[in-house]
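Quick note on numbering: the sequence shown equals residues 1 to 358 in the UniProt record's numbering.
For every residue, glycine included, the Cβ atom is placed at its ideal position computed from N, Cα and C.
Fair warning: this is a prediction, and the values are worked out from it, not measured in the lab.
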Amino acid sequence: MIPHYTNVHLKFKLDGLSYKYDELMEVAYSYVKEGLPYQQDLGNFLLDWLDQHDHVVVKTSGSTGKPKQIKIKKQAMVNSAIATGDFFNLQPGDKVLNCLPSNFIAGKMMIVRAIMLGLELDMTEPAALPLIDYEKDYDFCAFTPMQLKNFAKYLQSIRVAIVGGGMVSKPIIEMIKDKKPLVYETYGMTETVSHIAVKKLNNFKAGESLETSYFNTLPDITVSTDDRSCLVIEAPHLSEEKIVTNDIVKIHSNTCFEWLGRYDNVINSGGIKLFPEQIERKLQSKIPGEFFIASKPDDTLGEKLVLVLEAKENNLDPAIFDVLDKYEKPKEVLTVPKFKQTSSGKIHREKTLELLNL
């Protein structure tokens with residue numbers, strides 16, 4: 001039986017304390033009035049979750065366009081929480097850690113999972129390296145790529161970790177490949193109520209490898225593509241309508257896909273389609289600072305591939321591009337002293353490129 005969003009599981013705990021519905025409302029008010037900034041965000045979300053409306057208003061990150069606010073049904077969030085719990089075998093009483101902001105969908109869903117599934121949730125201030133009791137064991141935690149990188153040496157205290165919100169670079173994957181905990185990269189967005197698919201990053205069995213590890217959907221979610229080769233998601237328990245994305249993928253089955261890049265970012269250079277994200281992944285271990293692949297108009301090629309580097313000047317060794325295929329090598333390296341970012345801390349490509357007047 002699927003619980004209703006007005007339920008609070010009997011085994012739910014927040015920072016070591018049990019709360020019933022009314023008590024949770026009181027602690028939410030307390031956080032809003034007296035808490036630290038991250039606790040105020042938690043309190044505001046709890047007040048939204050516990051009010052009489054059947055939805056919450058959530059803002060998108062703005063990584064692919066202007067940030068906007070959308071309404072998400074609370075029961076859809078419950079359904080998403082149950083799907084995650086089933087996939088990762090989360091049981092009442094399991095201990096989970098939330099080090100993500102409560103004002104974005106990923107952080108909100110960690111809270112909803114705990115309330116609905118009866119998990120013991122520890123909250124900590126979102127930071128590049130979360131400050132927690134590193135001797136305490138957790139069954140489940142969600143990280144950003146930067147957090148995972150900084151937390152890698154402490155992963156032995158976590159049974160399952162998921163990472164999302166940005167590209168997981170090869171150096172990070174190398175750091176976790178021999179770690180005991182299972183680590184999964186997630187695919188999702190605000191519109192899909194957090195992740196709808198996961199990809200294994202370590203602990204491969206015989207015959208498995210990172211190269212053959214693709215995104216597999218959570219229960220009762222199927223995928224296809226439209227005429228642009230972009231991912232289409234069918235998840236009746238999350239959305240009444242199919243969700244059409246701008247992510248170009250290769251479908252391996254109706255529950256398995258390989259992510260190639262953003263439709264918005266595809267570069268057509270001399271008739272060759274190039275995926276910036278795939279090129280960036282190859283260069284992750286070669287360039288220490290922030291960068292991204294883009295294009296500028298070119299009379300001959302139509303679009304010319306360029307690398308945009310966060311730096312005052314270009315000091316890159318051209319030899320680093322030897323890992324790229326012929327058509328993937330940048331024709332020019334452009335520098336920007338400081339990249340523009342979205343409200344969630346991701347690189348805002350469009351606004352950064354505006355600084356170069358491309």
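Tell me which residues share the same chain as asparagine 44 and place their Cβ nearer than 7 Å to its Cβ, disregarding the 5 neighbours each side in the sequence.
Val32
Quick check for students: name the residue ranges of the beta strand (DSSP E) that lie wholly in the UniProt domain "AMP-dependent synthetase/ligase" (60–198), counting only runs of 3 or more.
69–73, 95–98, 120–123, 138–143, 158–163 and 182–189
Selection from Ser194, Cys256 and Tyr29 that minimises the alpha carbon distance to threonine 217
Cys256
In chain order, which continuous runs of the alpha helix (DSSP H) of length 4 or greater are located wholly inside the region 252–298?
276–283
Could you check how far apart the C-beta atoms of lysine 179 and leucine 155 are, in whole angstroms? I think they sit under 8 Å.
5 Å
State yes or no: is the C-beta of aspartate 139 within less than 8 Å of the C-beta of valine 163?
no
Give me the residue from Gln75, Leu119 and Lys136 with the minimum Cα distance to glycine 85.
Leu119
Rounded to the nearest angstrom, what separates lysine 68 and glutamine 341 at their Cα positions?
16 Å
Is the number of C-beta pairs between the region 283–293 and the region 310–322 that are closer than 8 Å three or more?
yes
Count the other CB atoms within 10 Å of the CB of phenylalanine 143; is the residue buried (16 or more) or exposed (fewer)?
buried
Bridge partners of residue 437, per DSSP?
Limits of the chain in this structure are 1 at one end and 358 at the other, which puts residue 437 out of reach.
Are the region 105–112 and the region 191–201 in contact at 8 Å, needing three or more beta carbon pairs?
yes
In whole angstroms, what separates the C-alpha of cysteine 141 from that of asparagine 246?
28 Å
Reference proline 126; option with closest CA among Ser224, Lys136, Thr300 and Asn98
Asn98
DSSP on threonine 217, reduced to helix/strand/coil?
strand
If you draw a straight line from the C-alpha of valine 56 to the C-alpha of tyrosine 29, how long is it?
17 Å
Find out if the Cβ-Cβ distance for the pair isoleucine 233, asparagine 202 is shorter than 8 Å.
no
Residue of Val168, Ile158 and Val112 minimising C-alpha distance to lysine 282
Val168
Cβ neighbour criterion (16 or more within 10 Å) applied to lysine 200:
buried
Could you give the first and the last residue of the continuous beta strand (DSSP E) run that contains glycine 302?
302–310
Can you give me the C-alpha to C-alpha distance between proline 330 and glutamate 277, rounded to a whole angstrom?
13 Å
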